[in-house]
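To convert, note that position 116 of the sequence shown is 116 in UniProt numbering; the numbers rise steadily by one, no gaps.
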Amino acid sequence: MTDHYPAEARALTRAEIEAFIRDGFVRIDNAFSKEVADEARDIMWRDIPFDRNDPSSWALPVIRLPGYGGGPFETAANAPVLHRAFDQLVGKGRWLARSGLGSFPIRFPHPDSAGDDGWHVDLSFPGPSSNPNEQYDFSNWRANYTSRDRALLMLFLFSDVGKNDAPTRIRPGSHMHMARLLEPAGEAGMGPTMLEAVGADCEEALATGEAGTVYLCHPLLIHAAQKHRGAEPRFMAQPPLGLAEQYRLERVDGDYSPVEITLRMALGRD
């Protein structure tokens with residue numbers, strides 16, 4: 001059966017998918033409109049305790065907003081071009097649609113560092129000692145080599161982000177190193193205190209782009225924040241894409257997604 005997508009839902013090219021497998025991320029320009037980004041920023045400014053028009057009031061290097069549903073956030077999360085890319089990178093029927101986006105670390109030009117700029121991989125499931133009543137306590141969460149519960153890491157740019165505007169730093173190829181580090185721990189995975197920064201020999205890339213740009217990243221890609229050295233606040237969401245079906249490294253039919261292919265390559269299975 002032929003798949004039917006809107007005209008704006010261009011497919012990732014073979015070269016882009018190969019780059020995703022090699023580098024661990026792909027950049028999609030104009031995934032959603034600047035009008036959607038503008039509307040979303042207007043909503044978020046209502047919850048920021050600074051004067052939008054007075055930079056002297058921007059008293060902290062970062063303000064964290066937990067997330068928003070509906071409206072421009074739901075529109076951005078469900079852009080047709082992204083749904084098609086999810087099918088291509090994760091597999092049809094294997095990912096969960098989102099009704100909103102979060103969290104939002106809003107970074108402001110500021111002389112001080114926010115102190116959160118260490119290299120890391122995002123954790124994806126609670127460990128055995130996690131407290132279910134502490135919704136935002138991720139100190140005991142874990143990550144494993146098959147990226148349990150997380151299909152992709154995503155970076156949604158809701159403002160124009162240049163090299164001085166605190167773009168997320170990315171280590172291309174580091175997802176392969178992380179998979180090899182995590183494999184000996186098996187399905188139980190490792191917690192944050194056990195995850196040493198790896199991939200230090202990888203080059204560094206910056207998640208820059210105009211508002212409406214989205215980076216789709218392998219869930220084990222190592223990345224880091226940085227200080228804002230520009231003039232305007234940086235608005236970005238960094239939500240996970242959930243899994244409807246856990247990644248599998250052994251499939252009888254051989255129907256591996258690009259994410260699974262990277263894991264198999266890293267672990268010497270492909």
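A virtual CB, placed ideally from N, CA and C, is assigned to each residue, including glycine.
Close Cβ partners of residue i (< 6 Å) along its chain, the five nearest in sequence each way excluded
i	result
Asp122	Leu153
Asp117	Ala224, Ala225, Gln226
Ala114	Pro61, Val62
Ala77	Arg98, Leu101
Gly186	none
Glu17	Per the sequence shown, residue 17 should be read as Ile rather than Glu. Around Ile17: Pro258.
Ala9	Pro80, Val81, Arg84
residue 282	Since the first residue of the chain shown is 1 and the last is 270, residue 282 is not available in this structure.
Ala205	Ile170, Pro172
Thr213	Asp29, Leu157
Sequence-distant residues of its chain with Cβ nearer than 8 Å to residue i (five each side left out)
i	result
Met265	Ile21, Met176
Leu267	Tyr145, Ala179, Arg180, Glu183, Leu249
Ser57	Phe50, Asp51
Other residues of its chain near residue i: CB distance less than 7 Å, five sequence neighbours each side excluded
i	result
Gly162	Thr208, Gly230
Gly127	Asn140, Trp141, Arg142, Gly191
Phe125	Trp141, Arg142, Arg148, Asp149
Arg41	Phe158, Ser159, Phe235
Residue i in three-state terms, based on DSSP
i	result
Trp45	helix
Ala237	strand
Leu101	strand
His83	helix
Ala11	coil
Tyr136	Interpretation of Tyr136 is limited by its pLDDT of 49, a score under 50 that renders its predicted location unreliable; no figure is taken from the coordinates.
Val26	strand
Phe73	helix
Leu263	helix
Val90	coil
Asp270	coil
Ile106	strand
Whole-angstrom distance between residue j and residue i, CA atom to CA atom
i	j	result
Gly254	His228	45 Å
Ser257	Val90	5 Å
Gly24	Arg150	14 Å
Arg269	Cys217	21 Å
Leu221	Ile28	17 Å
Pro72	Glu203	34 Å
Ala166	Val252	44 Å
residue 273	His83	Lying outside 1 to 270, the shown extent of the chain, residue 273 is not represented and no answer is given.
His110	Ala11	39 Å
Phe108	Leu157	15 Å
Gly173	Glu260	15 Å
Ser33	Gln246	32 Å
Thr13	Pro55	42 Å
Arg171	Leu155	14 Å
Glu232	Pro239	22 Å
Lys92	Ala15	20 Å
Gly70	Ala211	19 Å
Does the structure place the region 99-107 close enough to the region 56-66 that three or more beta carbon pairs sit under 8 Å? As far as the Cβ criterion goes, the region 56-66 touches the region 99-107, which means the pair count is three or higher.
Tell me the start and end of each unbroken alpha helix (DSSP H) in the region 141-213 that is at least 4 residues and wholly inside, in chain order. 174-182
Tell me, please, whether the region 84-98 touches the region 34-48 by the rule of three or more beta-carbon pairs shorter than 8 Å. no
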